[in-house]
Amino acid sequence: MVGFAFATGQELTEHTSALPVVIQGRLDLVLGDEKSEVTPGSWIHLPARLPHTVRATEPTIMLLPILPEASSSSADT
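Per the working numbering, residue 7 is the first one in the sequence shown, and the count goes up by one each step.
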């Protein structure tokens, strides 16, 4: 789990981690040409490795769970 604190206007450049959790504040989430607002209580799941950016529209605290990928050998057992 990684925690972020953003001032208004700060952003996280393009990346591929997929489960942003906003604790406080508001973020604009940009996926290609589409923009969505993420607020506390919002739930957004992004497909693995989908490039996206986030930008704070007000002071924001966000958590980003980092989940390991399942290995093919563990799926076989």
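Positions of the beta carbon are idealized from the N, C-alpha and C atoms, including for glycine.
Pairwise C-beta distances place the stretch 41 to 51 out of contact with the stretch 8 to 17, as fewer than three of them are shorter than 8 Å. Minimum Cα-Cα distance from Leu69 among the listed residues Val27, Thr59 and Thr19 corresponds to Val27.
With distances taken between CA atoms, Ala54 lies nearest to Leu25 out of Leu25, Leu18 and Gly9. Leu33 counts as buried, since at least 16 other C-beta atoms from the protein chains shown sit within 10 angstroms of its C-beta. Per DSSP, reduced to three states, the secondary structure at Gly31 is coil, with no helix or strand assignment.
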